[in-house]
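Notes follow once the structure below has been shown.
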Amino acid sequence: MHILLKNVQVVAPSSPFHGQQQDILIENGIIRQIGTGLSAPQARVVSGDNLHVSLGWTDLFAHFSDPGQEYKEDLQSGVDAAAKGGYTTVMIVPNTQPALHTKAQIEYVISRTRHSAVQVLPIGAVTKNLEGTSLAEMYEMRLAGAVAFSDGLKPIQSPGIMLKALQYVKAVNGTIIQLPDDHSISAHGLMHEGIYSTQLGMPGKPAIAEELIIQRDIELAQYTDSRIHFTGISTRKSAELIANAKGKGIKVTCSVTPYHVSLTDAHLLSYDSNLKLNPPLRTAEDVQALRDAVKNGVIDCFATHHLPQDWDAKQVEFEYAKNGMIGLESAFGVLHKHLPEVPVERLVEMLSAQPRKIFGLPELSLSEGATANLTIFNPEEEWVLSTAHLASKSKNSAYIGAELKGSVKGIINGQYAQL
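Take the sequence shown: its position 342, counting from 1, is numbered 342 in full-length UniProt numbering, and each next residue is one higher.
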C-alpha cells in the first residue's frame with residue numbers, strides 16, 4: 001500500500017514539520033519521505049483543497065454494543081463509524097452483554113479487531129458484571145490488554161469500592177474512568193433540573209448529583225495518590241472542582257462531550273428523544289463555562305460518548321426513550337463549529353496527543369521512518385450531516401440536518417487506510 005499525500009498542512013506540534021505545507025509518502029504503513037514536490041508513480045495520490053494532516057485521533061469513551069446488542073452496533077460498524085469521524089484509536093466501554101469484566105472478554109474484543117483500520121482498546125470493568133459490589137479481575141484484564149478501568153455507563157456509587165479500585169490500579173499503572181452521577185439523587189431525572197424541566201413538567205437531574213461524585217472521587221484520588229479521569233462533565237462547578245484539584249497536584253483529568261459544549265437544556269423544548277442524554281444537557285451558563293474550560297486547559301480532551309440506540313429505543317415517548325446518541329462521525333464538525341475561538345491546533349492536540357498521554361498509550365510521531373497514524377481533514381469545509389454520512393448501524397444523532405464545520409477526509413493507520 002503506497003499513498004502520497006500532496007500539499008497537506010501539517011498540524012502536529014511534536015513534528016519538525018508542524019505548520020508547513022508538505023507532501024508525505026507512505027509505503028506499507030511507514031512514513032518514508034516528507035518534503036515538497038514528491039512523486040511516486042505506484043502510489044495512490046490524495047489531494048484536495050485545504051487538506052490538513054495530524055496525528056491520529058483517539059476517542060476514550062464509545063460504546064460498540066458487541067457482544068450482546070449487535071443490532072445497535074458491532075465491532076465492524078463501530079470501527080467504520082470511528083474511521084468516518086477521523087479516529088484511529090477508540091477506547092470502548094465495558095457495558096456489553098456479557099460485560100467486559102474478565103480476561104476472556106478483553107481478548108475477544110482485541111482478537112476481533114486486530115486487523116482493523118481503527119485500533120479498538122477495551123476498557124475493563126471495575127466491578128464484576130458492572131454490579132458495583134465487588135472488584136473484577138483488573139490485573140488479569142490489564143495483562144490481556146485493557147487500557148483503563150471503568151463501569152462505563154454505570155457510575156461507581158460506592159465510595160468503598162471506588163477507594164479499593166483506585167488503590168488496586170496503582171499496581172498496574174492504570175486509570176479509573178468515572179462518569180459522575182449520584183443515582184440516589186438523580187435516579188428518576190429525565191433532563192437537567194431547571195427552568196425548562198419545570199416548563200416541560202419533567203423530573204429533573206440536579207447538577208449536584210454530578211458535582212458530589214466529582215468532589216468525593218477527588219478526595220479519594222488524593223487519599224490514594226491514584227489517577228482518576230472524569231468523562232462527560234457538564235456543569236460550571238464540575239470544571240471548577242477539577243481545576244482546584246489540579247492546582248493541588250491531585251492526579252485528576254477530565255473530558256467533555258461535543259454535545260455538552262454545543263447544546264443546552266433549552267433544546268429539549270423540541271422533545272427530541274435523541275437529546276435524552278446522561279449527563280443531561282445543562283444551562284447556557286454551564287455550556288459557556290465548559291467552553292472556557294476548554295480554552296484555559298482545565299478540560300484535557302474530548303470524548304464522544306458514542307452510544308448507539310436502535311429506532312425502537314428512541315421513537316417512543318421521551319420518558320421511555322433510552323439515553324444516548326451516536327457521536328463519532330460528527331465530533332470534529334461539532335467541536336470546530338461551536339468552539340470557533342479555540343485554534344485548530346489546540347482542538348487537534350485534545351483529540352490526538354492528550355488522550356494518549358493520559359492513558360499511557362504509545363506516543364505517535366509524524367516524521368520520516370515512523371509508522372503512519374494519521375487523520376486527514378479540512379478544518380474549514382462546511383457540510384450538513386445526513387444519515388447517508390453515518391457508518392454506524394444506529395442513526396440516533398440530534399445533529400442530522402445540522403450544518404457543521406470541519407470535515408474528515410480519511411485516516412491512515414499503519415497498513416490500513418480508509419480514505
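C-beta atoms are modelled at their ideal positions from N, C-alpha and C, and glycine is treated no differently. Remember, it's a predicted structure, so these values are computed and weren't measured experimentally.
Put simply, the backbone Cα of residue 34 is about 19 Å away from that of residue 410. Taking the Cα of residue 290 as reference, the smallest distance to any Cα among 335, 77, 318 and 327 is reached at 335.
Between the beta-carbon of residue 101 and that of residue 42 there is about 47 Å, and that puts the pair past the 8 Å contact cut.
Listed in chain order, the alpha helix (DSSP H) elements of length 4 or more contained wholly in the stretch 207-283 are 208-224 and 236-247. Taken through DSSP and simplified to helix, strand or coil, residue 416 comes out as strand. Taking 8 Å as the cut-off, the Cβ atoms of residue 214 and residue 159 do not count as close. With three or more CB-CB distances shorter than 8 Å, the stretch 258-270 counts as touching the stretch 284-301. Assignment of residue 59 by DSSP, reduced to helix, strand and coil, places it in the strand class.
In this structure the stretch 52-60 touches the stretch 2-13; the number of beta carbon pairs closer than 8 Å is three or more. For residue 113, the uninterrupted alpha helix (DSSP H) segment begins and ends at 103-113. Between residue 204 and residue 193, the gap from beta carbon to beta carbon is short of 8 Å. Per DSSP, residue 299 lies in no beta strand (DSSP E) segment and is marked neither H nor E.
When Cβ pairs closer than 8 Å are counted between the two stretches, the stretch 309-319 is seen not to touch the stretch 87-98, the count staying below three.
Below 8 Å, enough C-beta pairs join the stretch 321-331 and the stretch 377-395 to call them touching: three or more. Looking at the backbone, the Cα of residue 144 and that of residue 399 are separated by about 37 Å. Within the stretch 329-353, the alpha helix (DSSP H) runs of at least 4 residues that lie entirely inside it are, in chain order, 331-338 and 344-351.
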